[in-house]
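**Q** Protein sequence lines correspond, in order, to chains G and X. Under this note's numbering, the very last position in the first sequence is 311; numbers go up by exactly one each time. Under this note's numbering, the very last position in the second sequence is 622; numbers go up by exactly one each time. Got a structure for you, questions after.
There are 2 protein chains.
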Amino acid sequence: MKSNPIFSGVIAPALTPFGEDGSPDPDRFVDHCEWLLEDGCTGLAPFGTTSEANSLGLDERMELLEELIDAGIDPSKLMPGTGTCSTADTAILTQHAVDLGCGGVLMLPPFYYKNPSEEGLFRYFADVIDEVGDDRLRIYLYHIPPVAQVGFPLSLIGRLKKEFPEIVVGLKDSSGDWNNMKAILEAFPDFELFPGSELYLLQGLRAGSVGTISATANISARAMRDLYDNWQSSGADALQEKISAMRKTVQTYPVIPLLKSVIAHYREDAGWADVRPPFVPMPQAEAEKAIRQLADQHGFTLAFEDEGDDD
Amino acid sequence: MKSNPIFSGVIAPALTPFGEDGSPDPDRFVDHCEWLLEDGCTGLAPFGTTSEANSLGLDERMELLEELIDAGIDPSKLMPGTGTCSTADTAILTQHAVDLGCGGVLMLPPFYYKNPSEEGLFRYFADVIDEVGDDRLRIYLYHIPPVAQVGFPLSLIGRLKKEFPEIVVGLKDSSGDWNNMKAILEAFPDFELFPGSELYLLQGLRAGSVGTISATANISARAMRDLYDNWQSSGADALQEKISAMRKTVQTYPVIPLLKSVIAHYREDAGWADVRPPFVPMPQAEAEKAIRQLADQHGFTLAFEDEGDDD
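Spelled out as C-alpha cells, the structure:
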C-alpha cells in the first residue's frame with residue numbers, strides 16, 4: 001500500500017437527491033453527505049456515476065459542491081467527479097474544485113467518441129492539466145469501461161503517471177475485473193488504487209490498494225469501514241463475506257434507484273427516491289420487497305437520529 | 312416524402328476549427344459555414360458528431376452559434392446539436408437555440424448510462440421539452456448508436472411523435488442500417504428523416520426521406536446537392552454511384568481529421584487541421600496521400616475564391 005495516501009478508506013460516491021421541481025435538493029444533499037461521514041465514510045466522491053453526475057448540469061454540480069463546503073464539510077475529504085466529454089468543461093469543473101480546496105478530483109475520460117487512440121486520451125488529460133495549471137491539482141482516473149466504454153489501459157496510466165507524477169495520483173477501478181486491478185497494483189505500487197466495489201475491498205487491501213469508492217457506501221459504509229479498520233485481523237475474511245453477500249443482493253436490482261429508495265424508506269422521506277431520466281424510480285412494491293430482502297437476509301437497517309422514531 | 316418539411320436537402324454538420332490557443336476559432340468557423348451554404352448546403356447542423364460538439368464546452372457552443380447568426384446566416388437554416396447527457400444542460404442549449412430563431416435542433420439521447428429503459432428515455436425528452444416550454448421548438452432526434460451507444464427504437468420514436476407531434480418532427484439516422492431507416496419511413500411517413508450518410512441519399516429520397524445530414528457535406532456538398540436536385544432524373548443512379556465511391560474512400564480514413572486536413576490543404580491554412588483530443592490530427596504525409604487519392608480517384612478538388620491562387 002502506498003504510504004501516506006491523500007485519500008484512503010471508504011469513500012461514497014454520494015447520491016444526489018432532487019426536490020419536487022426536479023432540481024437537485026441542496027438540503028437533502030448536505031444532510032446525506034454529513035450522515036455518510038458519520039456512518040464511517042473517510043471521504044466523499046460527489047458527482048460519480050452513482051450520483052447521476054452526468055444527468056446534472058455544470059452549474060448544478062458547482063452549486064452543490066459549494067453547498068457542501070458552505071455547510072462545513074472539510075474540502076480535503078472531497079474528491080468530486082469533474083470529467084466530462086470536453087476539455088473545456090472538465091477544466092471548468094476541475095478548477096472550481098481545486099479553488100474550493102478539494103483534496104482531489106475523480107476524472108472520467110472523454111466518453112462520447114469510442115475507441116479513441118491512447119495518444120488522443122493522453123493529450124486530453126495533458127490539455128486539462130495545462131488548462132487548470134494549478135499545482136494543487138490531484139487527479140484520480142476513473143476507469144469504468146462498462147458504462148463509459150472508454151477506459152484506461154495500463155500503458156496510458158503509466159504515461160500519465162510518468163508525465164504528471166505529482167498530479168495523477170490514483171485510480172478508481174470499476175471494471176469489475178480483479179486482474180486489471182492486480183496488474184495496476186503490480187505495475188504502480190505507489191498509486192492510490194480504489195476498487196470501485198467493496199467486493200474487492202479485502203483482496204485489494206492485501207494487494208496494496210488503499211480502500212474502496214463504492215456506490216453501496218451510500219447505505220452501508222459502516223460495515224466497510226469496520227473491515228477497512230480491521231483488515232489485518234483474524235476476522236477480516238468473515239467481515240468481507242458478509243459485506244460481499246449484501247453487495248451481491250444490491251446488484252440484483254437497479255442500483256441507483258434502489259439506493260435512493262432505501263434512503264427514502266429509512267428517512268421516511270418519499271421524495272428521496274426520485275431520480276433523473278434516463279433513470280426511472282423503482283416501483284414502490286419492488287422497492288419494499290428489496291428493502292425487506294436486505295433486512296431479512298443481511299440484517300440491514302438504517303437509523304437516522306434526526307427522525308427519532310426510527311430508533 | 313413529407314410535404315413542406317421544415318428542413319430538407321443537404322445539411323452539413325459543420326466542422327469546428329480551432330485557433331492557435333486551442334479555442335474554437337469564430338472567424339474560420341463563420342467562413343466555413345458561409346462557404347458551405349455557397350457550396351450547395353441547404354442548411355447547417357453545427358455541433359454534430361463531426362463538429363466535435365461533445366469536445367466543446369457549453370459556453371463555447373453557445374458563443375459559436377451566436378457568431379453565425381451575428382454574421383448574417385439565416386437562423387432558420389440552422390439545426391444545432393443540443394443534446395448532452397443531462398436534461399439541465401440540454402435544456403440550456405436548446406432554449407438558447409430556440410431564442411436565436413434556429414429552425415430546429417438535433418438532439419442526442421443521454422448517452423452516459425448504457426441500456427436505459429424506453430420509459431426513462433421518453434421521460435428525458437419530455438422533461439427537456441417541458442423545461443424549454445416553447446412552441447417554436449422543433450426537435451430532430453439524433454440516432455447514432457455506433458457512437459452514442461444509446462439509440463431510438465421505433466417504439467420510442469412513435470411515443471415521442473404521438474405525445475409531441477408539433478415538436479418531435481424528424482430524425483437523423485446514423486445507424487448505417489438501411490433497414491432501420493426503411494422501417495422508420497414506413498412507420499412514420501410524415502416524419503422528416505435524414506440518413507446520416509449520403510450513401511443512402513437516393514435510396515432514401517425514393518423511399519420518402521428528405522435529404523441527408525452528412526459529415527462529407529463539409530467538403531463535397533455540391534455533388535450531393537446536384538443529386539438532391541435531380542433525384543428523379545435518369546442520371547440519378549450514376550450521380551449516386553459517384554458520390555458513394557467518394558464517401559467510401561473518405562471512410563477508409565479517420566473522417567474528422569481527414570475532413571479538416573482537406574480544408575486546411577485547399578485553404579492553404581495549416582491551422583485548420585487541428586482537432587481537439589481525444590482526436591489527433593492526421594500526420595501530414597497521410598493527409599497528403601489521402602488528398603491525392605481523392606483527387607486521382609474521384610476528381611475531387613476545392614477552390615476558395617478568397618485565396619484566388621487556388622483557382
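From the three backbone atoms N, C-alpha and C, an ideal C-beta is built for every residue, glycine too.
Compute the beta-carbon to beta-carbon distance between L404 (chain X) and T361 (chain X), rounded to the nearest angstrom, for a pair I have assumed lies under 8 Å.
**A** Contact doesn't hold; Cβ gap of about 17 Å is too wide.
**Q** With distance defined between alpha-carbon atoms, name the residue in G:G133, G:G196, G:L160 and G:E241 nearest to L9 (chain G).
**A** Leu is not the amino acid found at residue 9 (chain G); the sequence shown has Gly there. Nearest of G:G133, G:G196, G:L160 and G:E241 to G9 (chain G), Cα basis: G:G196.
**Q** Taking 7 Å as the cut-off, is the CB of A71 (chain G) close to at least one heavy atom of the ligand HEM?
**A** Among the ligands in the structure shown, none appear at all, so the ligand HEM cannot be discussed.
**Q** Check whether the Cβ of I92 (chain G) lies closer than 8 Å to any Cβ atom in chain X.
**A** yes
**Q** Beta-carbon of D621 (chain X) versus every beta-carbon of chain G: anything under 8 Å?
**A** Unreliable placement is indicated for D621 (chain X), whose pLDDT of 41 sits below 50; the coordinate value is still reported in the next sentence. No, its Cβ sits nowhere closer than 8 Å to a Cβ of chain G.
**Q** Counting pairs of beta carbons, one from the segment 605 to 616 of chain X and one from the segment 545 to 561 of chain X, are three or more of them closer than 8 Å?
**A** yes
**Q** Secondary structure at M282 (chain G), three-state DSSP: helix, strand or coil?
**A** coil
**Q** In whole angstroms, what is the alpha-carbon distance linking A12 (chain G) and P391 (chain X)?
**A** A12 (chain G) and P391 (chain X) have their C-alpha atoms spaced approximately 38 Å apart.
**Q** Buried or exposed: which applies to S234 (chain G), given that a residue is buried once 16 or more other Cβ atoms fall within 10 Å of its Cβ?
**A** exposed
**Q** If we define contact as Cβ-Cβ less than 8 Å, is G481 (chain X) a contact residue for chain G?
**A** no
**Q** Is the segment 452 to 466 of chain X touching the segment 104 to 114 of chain G, taking contact as three or more C-beta pairs under 8 Å?
**A** yes
**Q** CB L64 (chain G) to CB P46 (chain G), shorter than 8 Å?
**A** In this structure, P46 (chain G) lies closer than 8 Å to L64 (chain G) by Cβ.
**Q** What are the boundary residues of the alpha helix (DSSP H) that includes Y577 (chain X)?
**A** For Y577 (chain X), the uninterrupted alpha helix (DSSP H) run begins and ends at V566 to R578, by DSSP.
**Q** Where does P335 (chain X) sit, in a helix, a strand or coil, going by DSSP?
**A** strand
**Q** Looking only at DSSP bridge pairs, what is M79 (chain G) linked to?
**A** DSSP, once it has assigned bridges, lists no residue as partnering M79 (chain G).
**Q** DSSP three-state call for L367 (chain X): helix, strand or coil?
**A** coil
**Q** Please report the distance separating the alpha-carbon of S366 (chain X) from that of N230 (chain G).
**A** S366 (chain X) and N230 (chain G) have their C-alpha atoms roughly 45 Å apart.
**Q** Apart from the five residues just before and just after S334 (chain X), which ones in its own chain have a Cβ nearer than 8 Å to its Cβ?
**A** E371
**Q** DSSP three-state label for P506 (chain X), please.
**A** strand
**Q** Thinking C-beta only, is Y140 (chain G) closer than 8 Å to V98 (chain G)?
**A** no
**Q** In three-state DSSP terms, what is A356 (chain X)?
**A** coil
**Q** Mind pulling the chain X residues with CB within less than 7 Å of P116 (chain G)?
**A** For P116 (chain G), the chain X residues whose Cβ falls inside 7 Å of its Cβ are P589, in order along the chain.
**Q** Between the segment 428 to 448 of chain X and chain G, which residues of the former have a C-beta closer than 7 Å to a C-beta of the latter?
**A** Listed in sequence order: S428, E430, G431, L432, R434, Y435 and D438.
**Q** Quick one: what does DSSP say G619 (chain X) is sitting in, helix, strand or coil?
**A** In this prediction, G619 (chain X) scores a pLDDT of 43, lower than 50, which makes its location untrustworthy; the coordinate-derived value is nonetheless stated afterwards. DSSP places G619 (chain X) in coil when its eight states are reduced to three.
**Q** How big is the Cα-Cα spacing for G383 (chain X) and D25 (chain G)?
**A** The C-alpha of G383 (chain X) lies about 42 Å from the C-alpha of D25 (chain G).
**Q** Starting from I173 (chain G), follow the beta strand (DSSP E) in both directions and report where the run begins and ends.
**A** Just to set this straight, residue 173 (chain G) is Asp in the shown sequence, not Ile. Segment V168 to D173, the beta strand (DSSP E) holding D173 (chain G).
**Q** For a test of the three-state rule: what should DSSP assign to H298 (chain G), helix, strand or coil?
**A** helix
**Q** Please check if any C-beta of chain G sits within less than 8 Å of the C-beta of F422 (chain X).
**A** yes
**Q** With respect to the alpha helix (DSSP H) encompassing T560 (chain X), which residues constitute its N-terminal and C-terminal limits?
**A** A547 to V561
**Q** Any C-beta of chain X within less than 8 Å: which residues of the segment 2 to 24 of chain G qualify?
**A** G22
**Q** Helix, strand or coil for F122 (chain G), going by three-state DSSP, please let me know.
**A** Helix at F122 (chain G).
**Q** Provide the residue span of the beta strand (DSSP E) that contains L512 (chain X), from first to last.
**A** Per DSSP, L512 (chain X) belongs to no beta strand (DSSP E); it is in the alpha helix (DSSP H), L512 to A518.
**Q** Going by beta carbon distance, what residues of the same chain come within less than 7 Å of E38 (chain G), once the five residues before and after it are set aside?
**A** Non-local C-beta neighbours of E38 (chain G) in its own chain, meaning closer than 7 Å and more than five positions away in sequence, are absent.
**Q** Go ahead and pull the three-state DSSP assignment for G271 (chain G).
**A** Here DSSP, grouped into helix, strand and coil, assigns G271 (chain G) to helix.
**Q** Please list, in chain order, all residues of the same chain as R276 (chain G) whose beta carbon is under 7 Å from its beta carbon, the five residues on each side excluded.
**A** F18, E52 and S55, listed in sequence order.
**Q** So, does the CB of N179 (chain G) fall closer than 8 Å to a CB anywhere in chain X?
**A** no
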